[in-house]
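Numbering (the UniProt record's numbering), first residue to last: 1 to 275. Where is the CB? At the ideal position from N, CA and C, for every residue including glycine. I have placed the structure first, in the form of structure tokens, so that the comments after it can refer back to it.
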Amino acid sequence: MTFDYQQSIWGQGTASLKWTDPTRARLKQALSALLFLPSGSRVLEIGCGAGQFIRAIKKNRPDLNCYGADISQPALDKAKTAGDGVDYRISEPYKLPFDRNYFAAVLIFDVLEHLEDPAGMLAEVRRVLTQDGIFHCFVPCEGDGLSIWHKYEAQHHRDLTKKYAGHVQRFSRRSLFELMCANGFKIFKKRYSSHWLGQMLDLFVFKSMDAMSRKQGGRQINNEAFFEQINAQTGSVFRLFKKLVNFLVNVESAKLAIFPSPNVHISARKNISVK
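Here you go:
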């Protein structure tokens, strides 16, 4: 099964700093990267889907001019219904519809691992960033030695994250850092999340999605649609359990943020010495 990005709408709702929200660590690290950005600065999220993260950035930093870009028109149509003050644009991953040096910051969450040519994306990020612009990204490094997926796929020969999430890259932390530096960025901060508990949760979710998909004739399903179906079937007890698990994962991520895991939050600046 080839993953169809037009079939699944990602990034619905609004990311939150609540301890029971699975988006907490990613939003917290992004806001930290933007902490000293002056009022009125332009910020772009690439691969925004239905606006989950850039909407939360705008909510927490209403003084910023926020933009979202995505390849999926259905996702952008959904995003625009929120009336959140974000400027949403349809975009190709390697050809952003913006001028050179237009943004003070560019954000990417869970995107580079989907791309056949991540260097091409980084070239576009660098093009639209101002000279002192900030690039912040979150990348799950499923080829890293610390990754449960690295071990699981070697043992079971099942590529679940490619099948149900469209992941085609298997970065290690080292290969990701080298990719960033080779494409004109100076990394100034690294943080980590979803160490052991978070990875076990991911493995459980993807194996459960696989079982659900098989029962439904191999239908494509993403994690958001999966939880929506589970919530409808199980009600309040499951929702309380899910909040407890998310809380424990977020505590783990907060306490161990400076210690390496395969789930990497990188803050970098455009290296103006690279042409």
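Legend entry - Span of the beta strand (DSSP E), counted from its first residue to its last, around Glu45: Arg42 to Ile46
Inset, instruction - Name the residue from Gln169, Tyr94 and Asn101 whose alpha carbon lies nearest to the alpha carbon of His114. - result: Gln169
Inset, instruction - Could you check which residue in Gln73, Glu45 and Leu197 has the C-alpha nearest to that of Ile148? - result: Leu197
Inset, instruction - Determine the contact status of Lys58 and Ile9, defining contact as a CB-CB distance below 8 angstroms. - result: no
Legend entry - Cα-Cα separation, Gly51 to Ile108: In a straight line, the C-alpha of Gly51 is about 12 angstroms away from that of Ile108.
Inset, instruction - Locate the beta strand (DSSP E) running through Tyr94, then write down its first and last residues. - result: Counting along the chain, Tyr94 falls outside any beta strand (DSSP E), and DSSP gives it neither H nor E.
Legend entry - For Ala104 and Ser41, the rounded distance between their alpha carbons: 6 angstroms
Inset, instruction - Might you give, ordered along the chain, the residues of its own chain that have their beta carbon closer than 8 angstroms to the beta carbon of Tyr88, omitting 5 neighbours on each side? - result: Taking C-beta separations shorter than 8 angstroms and ignoring five residues to either side along the sequence, the partners of Tyr88 in its chain run Cys48, Gly51, Tyr67, Gly68, Ala69, Asp70, Leu76, Ala79 and Lys80, following chain order.
Inset, instruction - Note down, in chain order, each residue of its chain lying with its Cβ closer than 7 angstroms to the Cβ of Ser261, except the 5 sequence neighbours on either side. - result: Leu146, Tyr192, Ser193, Ser194 and His195
Inset, instruction - State yes or no: is the beta carbon of Leu64 nearer than 8 angstroms to at least one beta carbon in chain C? - result: Checking the listed chains, one finds no chain C in this structure; it contains a single protein chain.
Legend entry - Cβ contact check for the stretch 84–103 and the stretch 31–39: 3 or more pairs under 8 angstroms: no
Legend entry - Uninterrupted alpha helix (DSSP H) stretches inside the UniProt domain "Methyltransferase type 11" (44–136) (no shorter than 4 residues): The qualifying runs are 52–60, 73–80 and 118–128.
Legend entry - Spatial distance of Ala211 from Leu27 (CA atoms): 30 angstroms
Legend entry - Nearest candidate by alpha-carbon position, reference Ala268, set Phe98, Val125 and Ser16: Val125
Inset, instruction - Tell me, to the nearest whole angstrom, how far the beta carbon of Gly143 is from that of Phe171; I am working on the premise that it is less than 8 angstroms. - result: Going by Cβ atoms, the distance from Gly143 to Phe171 rounds to 6 angstroms, so yes, they are a contact pair.
Legend entry - Beta-carbon contacts of Arg100 that lie in its chain and below 6 angstroms, excluding the five residues immediately before and after: Excluding positions up to five away in sequence, the list reads Arg127.
Legend entry - Local Cβ density within 10 Å of Lys270, reported as buried at 16 or more and exposed below that: By the neighbour-count rule (16 or more Cβ atoms within 10 Å), Lys270 is buried.
Inset, instruction - Take Ala123 as the anchor and find which of Lys242, Arg174, Asn183 and His136 has the nearest alpha-carbon. - result: Asn183
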